[in-house]
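A.B. asks: All letters in the sequence shown, in the order written, are residues 1 to 225 by my numbering.
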Amino acid sequence: MIYFLEDDNSIRELVVYTMNSTGYEAVGFSRPGEFWAAMEREIPSMVLLDIMLPEEDGLQILKKLRANPATKKLPVMMLTAKDSEYDKVLGLDSGADDYVPKPFGMMELMARVKALLRRAGPQENEGQEYTLGKLYVSPSRHLVKVDGKEVSLTLKEFELLCFLLENDGMVLTRDKILARIWGYDFDGETRTVDVHVRTLRQKLGECGSLIETVRGVGYKIDRRS
């Protein structure tokens with residue numbers, strides 16, 4: 001089940017119709033009150049969320065979802081007309097797993113939904129644990145600690161960190177990161193990787209410097225550095 005909270009009737013109806021026509025089960029809500037009532041009955045597999053809503057701002061809703069243990073790791077995708085870099089960073093910092101500016105194409109949106117649902121499932125590296133200085137990462141428990149203190153990451157930030165650790169010493173291009181983490185070609189939006197790396201570094205604090213920038217190429221983590 002996928003929930004879509006959007007007060008624009010035409011957008012909401014088109015997205016819900018497309019999802020239900022392509023094998024997903026989706027329900028749309030025009031007001032936050034309806035959304036929260038549905039959340040009490042059933043927690044979905046994913047939430048698509050607009051920012052500018054009546055009654056309650058989408059970012060406030062996102063923060064509530066992340067503060068609730070039952071929905072802390074629920075995949076959330078923001079669909080919004082706010083498309084500045086600042087807005088994207090704000091959305092990602094608030095816990096969004098993906099940020100889609102309007103207008104968007106339905107094929108691209110469906111690809112993003114499919115990729116996010118797939119990435120939210122069990123991962124091949126779940127049995128592996130990583131310790132690098134003060135940084136500790138356990139994929140199986142979706143746990144990250146810096147100097148013994150737990151760090152809260154979004155799904156995409158966590159996947160990005162694990163991908164870098166899996167490929168210790170290798171330079172990962174932005175395109176390769178997009179293909180692995182987002183699961184499809186993301187033409188013209190490689191800055192999305194840069195935004196995620198920036199917020200990831202900030203959240204990791206003193207361990208953020210472990211993520212090295214290779215100018216003009218991409219990023220890497222090298223345990224030998």
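Think of the CB as a built atom: it goes at the ideal place given N, C-alpha and C, for glycine as much as any other residue. A quick note: this is a predicted structure, and the numbers were derived from the prediction, not measured.
1. Would DSSP call residue 192 helix, strand or coil?
2. CB residue 16 to CB residue 33, shorter than 8 Å?
3. Which of the three DSSP states, helix, strand or coil, is assigned to residue 235?
4. Leaving out five residues on either side along the sequence, give the residues of the same chain with a beta carbon under 8 Å from the beta carbon of residue 212.
5. Should residue 157 and residue 116 be called a contact, given that it needs their Cβ atoms to be closer than 8 Å?
6. Note down the Cα distance separating residue 188 from residue 105, rounded to an integer number of angstroms.
7. Which residue's Cα is closest to the Cα of residue 43: 69, 22, 59, 21?
8. Going residue by residue through the segment 196-222, where are the continuous alpha helix (DSSP H) segments of at least 4 residues, counting only ones entirely within it?
9. Assign residue 69 to one of three DSSP states: helix, strand, or coil.
10. Since residue 49 and residue 78 should fall inside the 8 Å C-beta cutoff, what is the C-beta to C-beta distance between them, to a whole number of angstroms?
11. Please give the ranges of any beta strand (DSSP E) in the segment 11-90, keeping only runs that are unbroken, at least 3 residues long and fully inside the region.
12. Mind checking residue 19: buried by the 16 CB within 10 Å criterion, or exposed?
13. If you measure between the beta carbons of residue 217 and residue 171, is that distance less than 8 Å?
14. Could you check how far apart the C-beta atoms of residue 191 and residue 163 are, in whole angstroms? I think they sit under 8 Å.
15. For residue 196, which option in 8, 177, 206, 113 has the closest C-alpha, if you only look at C-alpha atoms?
16. Tell me which residue opens and which closes the alpha helix (DSSP H) that residue 177 is part of.
17. Please classify residue 94 as buried or exposed, where buried requires at least 16 other C-beta atoms within 10 Å of its C-beta.
18. For residue 67, is the beta carbon positioned less than 7 Å from some heavy atom of the ligand ATP?
19. Could you spell out where the alpha helix (DSSP H) holding residue 113 opens and where it closes?
20. Quick one: give me the first and last residue of the beta strand (DSSP E) that residue 98 is part of.
21. For residue 112 versus residue 182, is the C-beta spacing smaller than 8 Å?
22. Buried or exposed for residue 154, please, with buried defined as at least 16 other CB atoms from any protein chain shown within 10 angstroms of its CB.
C.D. replies: Concretely, from the data shown:
1. Against the sequence shown, residue 192 aligns to sequence position 192. When DSSP states are grouped into helix, strand and coil, residue 192 belongs to the helix group.
2. Position 16 of the sequence shown, counted from the start, is the residue given in the question as residue 16. Position 33 of the sequence shown, counted from the start, is the residue given in the question as residue 33. Contact: no.
3. Here the chain comprises residues numbered 1 to 225, so residue 235 is not present and cannot be evaluated.
4. One-based indexing of the sequence shown puts residue 212 at position 212. Correct list, in chain order: 219, 220, 221, 222, 225.
5. Against the sequence shown, residue 157 aligns to sequence position 157. Against the sequence shown, residue 116 aligns to sequence position 116. The answer is no: Cβ separation not under 8 Å.
6. Along the sequence shown, one-based indexing puts residue 188 at 188. Along the sequence shown, one-based indexing puts residue 105 at 105. For residue 188, the predicted structure reports a pLDDT of 45, less than 50, and the residue's modelled location is therefore unreliable. A value from the coordinates is still provided. One C-alpha to the other measures close to 14 Å.
7. As a working note, residue 43 is residue 43 in the sequence shown. With distances taken between Cα atoms, residue 43 lies closest to 69.
8. Correct list: empty.
9. Stepping through the sequence shown from its first residue, residue 69 is reached at position 69. DSSP places residue 69 in coil when its eight states are reduced to three.
10. On the sequence shown, residue 49 is found 49 positions in, with the first residue counted as 1. On the sequence shown, residue 78 is found 78 positions in, with the first residue counted as 1. About 6 Å separates the Cβ atoms of residue 49 and residue 78, confirming a contact at the 8 Å cut-off.
11. With a minimum length of 3 residues, the continuous beta strand (DSSP E) runs that stay inside the segment 11-90 are 26-29, 46-49, 76-80.
12. If you number the sequence shown from 1, residue 19 lands on position 19. By the 10 Å Cβ count, residue 19 comes out buried.
13. For the purposes of this step, residue 217 is taken as the residue at position 217 of the sequence shown. For the purposes of this step, residue 171 is taken as the residue at position 171 of the sequence shown. Going by C-beta atoms, residue 217 is nearer than 8 Å to residue 171.
14. Here residue 191 refers to the residue found at position 191 of the sequence shown. Here residue 163 refers to the residue found at position 163 of the sequence shown. Approximately 18 Å separates the beta-carbon atoms of residue 191 and residue 163; this is outside 8 Å, ruling out the contact.
15. For this step, residue 196 is matched to residue 196 along the sequence shown. Checked all of 8, 177, 206, 113; the closest Cα to residue 196 is 177.
16. Counted from its first residue, the sequence shown places residue 177 at position 177. The continuous alpha helix (DSSP H) containing residue 177 extends over residues 174-177.
17. Here the question's residue 94 lines up with position 94 in the sequence shown. Answer is buried; the Cβ neighbour count reaches 16.
18. Summarising the ligand content, the structure contains no ligands, and the ligand ATP is consequently not present.
19. Locating residue 113 in the sequence shown gives position 113, where the first residue counts as 1. Per DSSP, residue 113 belongs to the alpha helix (DSSP H) from 106-119.
20. As a first step, residue 98 must be located in the sequence shown, where it is residue number 98. Counting along the chain, the unbroken beta strand (DSSP E) around residue 98 starts and ends at 98-101.
21. Within the sequence shown, numbered from 1, the residue matching residue 112 stands at position 112. Within the sequence shown, numbered from 1, the residue matching residue 182 stands at position 182. Yes.
22. Your numbering for residue 154 matches position 154 in the sequence shown. With 16 or more other Cβ atoms within 10 Å, it is buried.
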